[in-house]
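Structure, as structure tokens:
Residue numbers (my numbering): 1 to 272.
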């Protein structure tokens, strides 16, 4: 586990390495931003089509179109994120044909989507477990006071919260490792191993990345609330997708850089 006095330096190094990687490979980063913009445009188009068809009471067509657009947007976003992370934190790759590069990004994007889905299931299960225990404890109390109810919530939520505290950075590291070419199940195992052994560093990098990318994702959220006309809606959706992609690429790239740094330290320690 990293010493507390080294934690700020570790966080700065991971964030700096990811940012330099994104800027050092402008073609890779630029193409990822364009694909991310296309994903945002697909999601906004699906939402607009759903509203129009639902207003005309074509609920089946509305749902089908929304699912198709959502799937396309999610796949484009995941593939773009994979490309950006590989540029931010991955080693230089040999030149390959464009078709092979696109196929590889899509394959890794599907693996990233599976990790995201698994993470949502795990987090939802922990939330349900905390709620069920809290309700059970509250039902056993006779005339509970607010302090007793608060104690029940704390007692029920503490174990799932501890599990989530480990699971969230573990899944984030797993996504970053998968984007760099690792098998998703191996990346997940590695993510949990690093989260358990270096939890302060993983949480520190995650929180710092959330803070430094706040201008990007906050602007994207604000753009999502803008009620624009038909001509302005498409550019706004594309910009929103690019902003979210940029913030995610920097954050996941920093976690990938952290994982590589900790692995190199571990290898050096074993060799010594």
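Here a beta-carbon is modelled for each residue, glycine too, at the ideal position from N, C-alpha and C. Computed from a prediction, not measured in an experiment: that's the story for all the values here.
Within 8 Å, strictly: CB atoms of residue i and residue j
{"i": "residue 60", "j": "residue 50", "result": "no"}
{"i": "residue 113", "j": "residue 167", "result": "no"}
{"i": "residue 7", "j": "residue 200", "result": "yes"}
{"i": "residue 69", "j": "residue 43", "result": "yes"}
{"i": "residue 241", "j": "residue 40", "result": "yes"}
{"i": "residue 175", "j": "residue 115", "result": "yes"}
{"i": "residue 25", "j": "residue 87", "result": "yes"}
{"i": "residue 179", "j": "residue 110", "result": "no"}
{"i": "residue 173", "j": "residue 259", "result": "yes"}
{"i": "residue 160", "j": "residue 129", "result": "yes"}
{"i": "residue 138", "j": "residue 150", "result": "no"}
{"i": "residue 18", "j": "residue 253", "result": "yes"}
{"i": "residue 261", "j": "residue 89", "result": "no"}
{"i": "residue 36", "j": "residue 80", "result": "yes"}
{"i": "residue 84", "j": "residue 23", "result": "no"}
{"i": "residue 213", "j": "residue 238", "result": "no"}
{"i": "residue 255", "j": "residue 216", "result": "no"}
{"i": "residue 171", "j": "residue 191", "result": "yes"}
Enclosing alpha helix (DSSP H) for residue i [first to last residue]
{"i": "residue 24", "result": "7-24"}
{"i": "residue 56", "result": "Taken as a continuous stretch (DSSP letters only), residue 56 belongs to no alpha helix (DSSP H), as it is neither H nor E."}
Distance, residue j Cα to residue i Cα
{"i": "residue 222", "j": "residue 236", "result": "10 Å"}
{"i": "residue 34", "j": "residue 20", "result": "19 Å"}
{"i": "residue 16", "j": "residue 53", "result": "46 Å"}
{"i": "residue 249", "j": "residue 164", "result": "22 Å"}
{"i": "residue 278", "j": "residue 146", "result": "Because the chain is modelled from 1 through 272, residue 278 falls outside the range shown and cannot be assessed."}
{"i": "residue 208", "j": "residue 56", "result": "46 Å"}
{"i": "residue 38", "j": "residue 118", "result": "25 Å"}
{"i": "residue 203", "j": "residue 182", "result": "22 Å"}
{"i": "residue 140", "j": "residue 134", "result": "10 Å"}
{"i": "residue 75", "j": "residue 106", "result": "7 Å"}
{"i": "residue 187", "j": "residue 177", "result": "6 Å"}
{"i": "residue 184", "j": "residue 58", "result": "39 Å"}
{"i": "residue 10", "j": "residue 122", "result": "29 Å"}
{"i": "residue 103", "j": "residue 246", "result": "22 Å"}
Residue i beta carbon near the ligand MG (any heavy atom closer than 7 Å)
{"i": "residue 151", "result": "As far as ligands go, the structure on display features none, and thus does not contain the ligand MG."}
For a minimum of 4 consecutive residues, which ranges assigned as the alpha helix (DSSP H) are wholly contained in the stretch 138-225? 146-179, 184-197, 199-212 and 214-224
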